[in-house]
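Engineer: Provided herewith is a single structure, encoded as structure tokens, for subsequent inquiry.
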Amino acid sequence: MEFSITGEDKIFLDSVKAFVEREIAPRWVDIDEGRWAIEDVAAALGKAGLIGIPLSSRYGGQDGAFLQAALAVEELAYADPSLATPVYVLLETAWPFVVQRYGRDEVKEEVLPEVAKGRAFVGIASTEPQGGSDVASFQTKAVREGGVWRLYGEKNMVTGVATALNLPYGGGAVAIVRTGRPEDKHRGISLFLALLKRRGIKREGFTYRDWGEIGRHGLPTGYLTFNGLEVEEQFLLGELNGGFKIAMEGFDLARTMIGAAAVGATRWLLDRGLEWIRQRTVFGRPIASYQAISFKFAELYARLEAARLAVYKAAWIADRFFRGDTAFTIKDVATAGATAKLLAVPLAVETALEVMKWFGGAAYFKETNVARVLLGALSYYVGAEGAENIMKLIIARNIVGKDYV
Ligand SMILES: Cc1cc2nc3c(=O)[nH]c(=O)nc-3n(C[C@H](O)[C@H](O)[C@H](O)COP(=O)(O)OP(=O)(O)OC[C@H]3O[C@@H](n4cnc5c(N)ncnc54)[C@H](O)[C@@H]3O)c2cc1C
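1151 is the number of the first residue of the sequence shown in the working numbering; add one for each residue after it.
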């Protein structure tokens, strides 16, 4: 067992740190204020090799490990703790990987190099207005009409549609749709790569409107309605009606990376908090000398260590499983990903609230920047890529057993 980052991983991490300190850290508040959009930094992220780290070099990726992707997402979150930039990168770690694993060659050759260069975005269109947790009951459907598939239905809270429409190639999302009967539940679900803009041209057959988010600005999320979007046969991912399991693989990977983002944001909060409590003097002493403050710091620090190890382990398991190590199953990947998200996301939220108290009244003002981190982390706290109870459900089902849970 090895607890230090060495060799190639260390060289990679140092280069990521240098890049984010130079390109992202000076801009994160501008991104959060809407003065910069993710599409303004996407090309630089691509050039630095941070998009699609686990993608094959055949498609412009880095042939990298999920562990490296987790390290990169953590550093991106340290540089942009409002989380817009790391979320862009983490989504591009998970969902294009699903396209690589299950897509047809011609689709991969066309789309993935554009993703890796930061010229296209591939997100996930899963959640529906009636709920996001129960994927097997989704109603959005794909219908075969005249030799092509057409998508009909509504997807709520889809991140990155506006971003894709602003990028030079475009992109869209991996769409979870029904191709079987409703009573077939998860056995009637298929996945399509639904491109909303392709080769620079916006497509017909959908409408989209942004929601007004409370945080994580720079990477908008909104309401996507499919009213006949045409999807050619080659954009089917995997087998017809075999999409449910594939979608779960994408969520497992995304959750591991979300854990990494939450760890990076928590590190930022604790570092800024530590500087503050050491220098803020009240009643003639630095507030760090009061155990009400320093013990809370110790507690959050210990939880950060645990969450960080859980994230690295989840990425490490994903690397083993997806590279064919039969000692690990997809259940291991799912349990580890859910654990990473379950530990790391509430920690980021609770750390933000605690650090805000250390800053006192100053925390209430945008200029202190801590509240931006709280609002960014809340996106995952309330549910993005799976609500907290669903993480518990996954772990309980996998460990306690489906017969009980
Ligand atoms: C900022 C942001 C970005 C997002 N981006 C995307 C995106 O790109 N693509 C996408 O498809 N979706 C996205 N989402 C949506 C997200 O995936 C959903 O919010 C999430 O899956 C939960 O679905 P829901 O909000 O409909 O809650 P529901 O499914 O309605 O659940 C409501 C509550 O009930 C609880 N609950 C449900 N079932 C159970 C159970 N069996 N046991 C106990 N409790 C249960 C849940 O934990 C939750 O607290 C995003 C959300 C946010 C906030």
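Note that beta-carbon positions come from the ideal geometry of N, C-alpha and C, so glycine has one too.
Under the criterion of a Cβ to heavy atom distance below 7 Å, does A1464 qualify as lining ligand 1?
Structural biologist: No; taking the cut-off as 7 Å, the Cβ of A1464 has no heavy atom of ligand 1 nearer than that.
Engineer: Are G1320 and L1343 close, meaning C-beta to C-beta below 8 Å?
Structural biologist: Not in contact: G1320 and L1343 (Cβ atoms no closer than 8 Å).
Engineer: Can you tell me which of the three DSSP states N1519 falls into?
Structural biologist: Looking at N1519 - three-state DSSP - the assignment turns out to be coil, as it is neither helix nor strand.
Engineer: Give the straight-line distance between the Cα atoms of R1417 and I1181, rounded to the nearest whole angstrom.
Structural biologist: Looking at the two C-alpha atoms, the distance is approximately 20 Å.
Engineer: Go through the stretch 1223–1297 residue by residue and report every complete run of the beta strand (DSSP E) that reaches 3 residues or more, in order.
Structural biologist: As far as the stretch 1223–1297 is concerned, its whole beta strand (DSSP E) runs of at least 3 residues are 1270–1275 and 1291–1295.
Engineer: Excluding five sequence neighbours on each side, which residues of the same chain lie with their C-beta closer than 6 Å to the C-beta of E1189?
Structural biologist: Correct list, in chain order: T1313, N1316 and L1317.
Engineer: When you measure from the CB of N1316 to every non-hydrogen atom of ligand 1, does any distance come out below 7 Å?
Structural biologist: Flag unset: Cβ of N1316 not near ligand 1.
Engineer: Decide if the stretch 1350–1359 is in contact with the stretch 1211–1229; the criterion is three or more beta carbon pairs, one per stretch, under 8 Å apart.
Structural biologist: Too few Cβ pairs lie closer than 8 Å, so no.
Engineer: Is the stretch 1536–1549 close to the stretch 1478–1491, with three or more CB pairs under 8 Å?
Structural biologist: Verdict: yes, contact present.
Engineer: Confirm, please, whether the CB-CB distance from A1219 to I1567 is below 8 Å.
Structural biologist: The displayed coordinates of the chain run from 1151 to 1555. Any statement about residue 1567 would go beyond what the structure contains.
Engineer: Using the three-state DSSP reduction, which class does M1307 fall into: helix, strand or coil?
Structural biologist: Reduced to three states, the DSSP call for M1307 is strand.
Engineer: What's the C-alpha gap between G1434 and L1419?
Structural biologist: The alpha-carbon atoms of G1434 and L1419 are separated by roughly 25 Å.
Engineer: Tell me the rounded alpha-carbon separation between R1428 and D1213.
Structural biologist: Cα to Cα, R1428 sits roughly 43 Å from D1213.
Engineer: Quick check: the Cα distance between P1246 and Y1440, rounded to an integer number of angstroms?
Structural biologist: Rounded to whole angstroms, P1246 to Y1440 spans 48 Å at the Cα level.
Engineer: Which two residues bound the contiguous alpha helix (DSSP H) that contains D1180?
Structural biologist: From DSSP, the alpha helix (DSSP H) with D1180 extends over W1178 to D1182.
Engineer: Between the C-alpha atoms of A1502 and P1176, what's the straight-line distance to the nearest angstrom?
Structural biologist: Straight-line Cα distance between these residues: approximately 21 Å.
Engineer: To which residues does DSSP link L1386 through a beta bridge?
Structural biologist: Answer is F1342.
Engineer: Looking at E1535 and ligand 1, is the gap between the Cβ and the nearest heavy atom below 7 Å?
Structural biologist: At least one heavy atom of ligand 1 is nearer than 7 Å to the Cβ of E1535, so yes.
Engineer: To which residues of the same chain is A1286 closer than 8 Å at the C-beta, ignoring the five residues directly before and after it?
Structural biologist: K1335, H1336, I1339 and F1394, listed in sequence order.
Engineer: Ligand 1 and T1277: does the residue's C-beta get closer than 7 Å to at least one heavy atom of that ligand?
Structural biologist: Yes.
Engineer: Go ahead and label P1370 buried or exposed: buried means 16 or more other beta carbons lie within 10 angstroms of its beta carbon, across all protein chains shown.
Structural biologist: Classification of P1370: buried, given that the 10 Å Cβ count is 16 or more.
Engineer: Assuming F1447 contacts G1423 (C-beta within less than 8 Å), just tell me the rounded distance between them.
Structural biologist: About 7 Å separates the two Cβ atoms, so the contact holds.
Engineer: Does at least one heavy atom of ligand 1 sit under 7 Å from the Cβ of K1507?
Structural biologist: The answer is no for K1507.
Engineer: Does the distance from the CB of V1248 to the CB of G1400 come in under 8 Å?
Structural biologist: Cβ atoms of V1248 and G1400: closer than 8 Å.
Engineer: Return helix, strand or coil for N1539, following the three-state DSSP convention.
Structural biologist: Reduced to three states, the DSSP call for N1539 is helix.
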